[in-house]
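S.K.:
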Amino acid sequence: MRRGAAAGWGILGVLALLIVWELYKYLGPAEGFVVGAIDGETGSGVMILPRTNDRAMPHVWDMVARLGQSTSGGNTPPLIVPVVNAAATTLGIAAVGWLIGVTVGAILGLVMQRWRLAEWGLLPWIVVSQTVPLIAFAPIVNSIGTQIDRGGTPWPQWLSVAVIASYLAFFPVAVGVLRGLDAPDRIHLDLMRSYAAGYWPTLTRLRLPAAVPHLLPALRLAAANAVVGAVVAEVSIGMRGGIGRMLIQLAGQGSSDPAAPWGPTFGSIALGLVAAGSVALIGFGLKNYRRGEAIV
Amino acid sequence: MTIDARLAVRAAGVGKVFPTKDGEVVALTAVDLTVAAGEFVALIGPSGCGKSTLLRLIADLDSASSGTLEIFGKPAQQARIDQDYGIAFQQAGLLPWRTVKANIELPLELHGVARTERSVRVAELAELVGLTEFIDRYPDQLSGGMQQRVAIARALATRPSLLLMDEPFGALDEMTREYLQSELARIAAETEAAVVFVTHSIPEAVFLADRVVVMSPRPGRITQILPMGLSGMTGDALRESSAYFERVTAVREALHGAPVERANER
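Residue numbers (the numbering used here), protein chains in the order written: chain A, 1 to 296; chain B, 1 to 266.
#1: Contact between the region 32 to 51 of chain B and the region 205 to 212 of chain B is defined here as three or more beta-carbon pairs at a separation below 8 Å; is this criterion met?
#2: Which same chain residues end up closer than 6 Å to B/Met-165 when comparing Cβ atoms and leaving out the 5 residues on each side of it in sequence?
#3: Whose C-beta lies closer than 6 Å to the C-beta of A/Tyr-108 among residues of the same chain, with five residues either side of it excluded?
#4: What does A/Tyr-289 reach in chain B if we use C-beta pairs closer than 9 Å?
#5: Between which two residues does the beta strand (DSSP E) holding A/Val-35 run?
#6: Short of 7 Å Cβ to Cβ, which residues in the region 137 to 163 of chain B face chain A?
#7: Output, in chain order, the set of chain B residues within a Cβ distance shorter than 8 Å of A/Thr-188.
#8: Using only alpha-carbon positions, find the residue among B/Val-31, B/Pro-46 and B/Val-35 that is nearest to B/Thr-199.
#9: Give me, in chain order, the residues of the same chain whose beta-carbon lies closer than 8 Å to that of A/Ala-297; leave out the 5 immediate sequence neighbours on both sides.
#10: For a contact defined as C-beta to C-beta under 8 Å, what are the partners of A/Arg-207 on chain B?
#11: Provide the residue span of the alpha helix (DSSP H) that contains A/Pro-139, from first to last.
#12: Comparing alpha-carbon positions, which option in A/Val-212, A/Val-84, A/Leu-281 and A/Ile-11 lies nearest A/Leu-297?
#13: Name, please, each residue of chain B whose Cβ falls closer than 8 Å to the Cβ of A/Pro-82.
#14: Could you give the distance in angstroms between the alpha-carbon of B/Arg-268 and the alpha-carbon of A/Asp-190?
#15: Any idea which residues DSSP pairs A/Ser-70 with across the strands?
#16: Taking the alpha carbon of B/Leu-28 as the reference point, which residue from B/Phe-169, B/Glu-253 and B/Ala-64 has its own alpha carbon closest?
#17: Looking at the C-beta of A/Ala-196, does it have a partner C-beta in chain B at a distance below 8 Å?
#18: Where does the unbroken alpha helix (DSSP H) through A/Pro-264 begin, and where does it stop?
#19: I need the straight-line Cα distance from B/Gly-145 to A/Ala-106, nearest angstrom please.
#20: Taking the DSSP output, what are the residues bridged to B/Phe-40?
#21: Could one say the Cβ of A/Arg-193 lies closer than 8 Å to chain B's Cβ atoms, at least one of them?
#22: Can you give the Cα-Cα distance for A/Pro-58 and A/Glu-41, rounded to whole angstroms?
#23: Could you run through the region 108 to 122 of chain B and flag, in chain order, every residue whose CB is less than 8 Å away from some CB of chain A?
#24: From the DSSP output, read off the bridge partner residues of B/Leu-163.
#25: Do you know offhand how far B/Glu-265's Cα is from B/Ala-250's?
#26: Does the beta carbon of A/Pro-217 sit closer than 8 Å to a beta carbon anywhere in chain B?
#27: Taking only the alpha-carbon atoms, compute the straight-line gap between A/Leu-203 and A/Gly-180 and give it to the nearest angstrom.
#28: For B/Gly-13 versus B/Ser-66, is the C-beta spacing smaller than 8 Å?
#29: Can you list, in chain order, the stretches of the beta strand (DSSP E) that have 3 or more residues and sit fully within the region 80 to 150 of chain B?
#30: Give a yes or no on whether 8 Å exceeds the smallest Cβ distance from B/Ile-87 to chain A.
#31: What does the alpha-carbon distance come out to for the pair B/Asp-173 and B/Glu-167?
#32: Only counting the same chain, and skipping five residues up and downstream in sequence, which positions put a Cβ closer than 6 Å to that of B/Thr-158?
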C-alpha cells in the first residue's frame, strides 16, 4: 500500500513539473521580459522572465522525440544510444570512485572510532577537505596522474575522474561509520564486556550491525556525491566519453539544436537514480539490521 | 576446595569513588558482604544507595576503588574473563537484528562453542524459560516480559554459577512481574546458581531472596542484612503466608530506619 502510494506521489511530482514547464511556455512572453533595457544595446537590462521560444524552452515532447532522432544527422545512431553509452561510462567511473571512497571512508571511520586521539586529529581535516573546490582540485589530481603515467605505471584518465569522485564520496562514509560504530547502547557494550569479548568480536557482533542504520544513508549520500564528482571531474579535466563532457558539447550546439542538450540531461538524471537505487538494494538485503527503524 | 572458593561473592571493605568536576562522589563505602554458592541475595534500597554500583563491581563492569572483592575466590576481572557469571539488566538488551535463538546463543558463539552443541543448549534454555515456539522470532515481535525471559536464558547460556540481575523486572507490569518472579525462583532452584538481585521492590526482594541486603545512600553502604528463612514455601502459598507479610514489614522498617531520600527533597 505505502509503496504504491509513494510511487504514485513520485509520478505525480514529475507530471507536475512537466505541466508547469509547458504552462509557462504557453503563457510566458516569447522573448522574455526585460526591465531597464537601453534601446539598441543588446544584453542590457535585467531579464526577470525567461524566454519561452522553442530555442530557449523546447517542448517536453520535442526533448523526448530528439532522443530517438539521429545524433548529428546522416547515418549517426539515434541520440539515445550515445547518451546511454556515456551515462554507462560515467556510472562505471562513479562506481569505482564510490568503492574507493567507501573503502577510505570506512577505514577512516574505524580508526577514528578506535582511537579517540585519531578522531580529534583527523575529523577537522576531513571536514576541511570538503571545502576545497573540486574545480581547483581536479586538475591537480589529473597532473599527478599524468606524472605517475610518465614514470612508467599506466594511469588512465578515467582513474583521475574516479579518484576525484571518491574525494566527495568518502566524507559521508567516514562520518557515518564513526557515528554508527558509536551507536550501540551502553547496555550492549556492558554485555559484550561481561562476555569478555575483545575489540574484534565486539566490532563484528555488535558495532557493525548496530551501525547499519547510520551506514545506509551514508552510502546513499556517497553514491550521489560520486556521480556529481564524476560528472564535474570529467568536465574539469576534459575527459571524453562520459556524460559530463557530452552535456557541455551538446549545450554548445543548443542554439541550433535546442532539444539535444536535454538528452544527456535526462541521461545524468537516470544515472543518479540508478546509483541511488543500487544502494537502496543493499539496504533491502540488510533489512534485519534495521529492525526498530521505520522501513520505507 | 578452600572455604573461600565455596563463596560466590566475598566483598571486604569495598568502596567506590567516582571523580566528578565538583570533587569526588562516594558511591559505596565499607561494603562487607558474602554470598554463598547457590544462595539468593537481594540488594534493596532507595536510589543512590549504590546497589547497582555494587552489582557492576561484582560484574567487573567498573572496578572497586578500595577493599577486596572476590568471585569464587578470584579477582572480579578474572571471574569475568572465566565467564563465572551471567548478567541481566532492567532492559532486556537483546540485539534487535538477531532472532531469539541467535540472541541466546551469542555468549556461546563468542566462546567458540560448536554449532550443534549451541543448538542443543539453546533448545534447553528456551524450554527452561518457556519460549520454545518463539525461537525464530525477532525481539520486536515479543512482549516486554518475553524479551526479559530471553535475556534470562541468555544470562544462563554458559551455565554460570552466579547470576547477576539489575532490576530485571523493573519495567514490567505487575502481573508479568509476579509470573516472572515465580519463574526465576524455579530457575534459580533448578540451576543451583547463586543470584545477586538488585531491586527497589520490597515484596519482590522478600519473595525471591534467602537474604535481603538493605542499603542506604550518601554514602552508599549496607545498613542491615535480613535473613528471610522462607525456603519451604513457593508461589502463591508464599505470597499469602503471614510469615511473608512479617518479612515485608521487617524489610520496610529496616529501610525506613535509614534516612529515606524522597523524590521531592532532592
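Here a beta-carbon is modelled for each residue, glycine too, at the ideal position from N, C-alpha and C. Just so we're clear, the structure is a prediction, and the values are computed from it rather than from any experiment.
M.R.: So, to answer that:
#1: yes
#2: Ala-88 and Phe-197
#3: Inspection of the sequence shows that residue 108 of chain A is occupied by Leu rather than by Tyr. Excluding residues within five positions, the ones whose Cβ falls inside 6 Å are Ala-174.
#4: Pro-96 and Trp-97
#5: 33 to 35
#6: Tyr-138 and Asp-140
#7: The amino acid at residue 188 of chain A is misidentified as Thr; the sequence shows His. Here the neighbours are Gly-93 and Leu-95.
#8: B/Pro-46
#9: There is simply no residue 297 of chain A to check, as chain A begins at 1 and stops at 296 in what is shown.
#10: Chain B residues near A/Arg-207: none, gap ~11 Å exceeds 8 Å.
#11: 134 to 150
#12: The shown model of chain A, from 1 to 296, leaves out residue 297 of chain A, and the question about it has no answer.
#13: Near A/Pro-82 there are no residues of chain B at all, since even the closest Cβ is about 45 Å away, more than 8 Å.
#14: Examination of residue 268 of chain B is not possible in this model, given that chain B is present from 1 through 266 alone.
#15: A/Pro-78
#16: B/Ala-64
#17: yes
#18: 262 to 285
#19: 38 Å
#20: B/Val-195
#21: yes
#22: 27 Å
#23: Glu-109, Leu-110 and His-111
#24: B/Gly-86 and B/Val-195
#25: Confidence at B/Glu-265 is low in this model, with a pLDDT of 46, below 50, so its placement is unreliable and the value that follows should be read with caution. Roughly 25 Å between the two C-alpha positions.
#26: no
#27: 11 Å
#28: yes
#29: 85 to 88
#30: yes
#31: 13 Å
#32: Gln-83 and Pro-107
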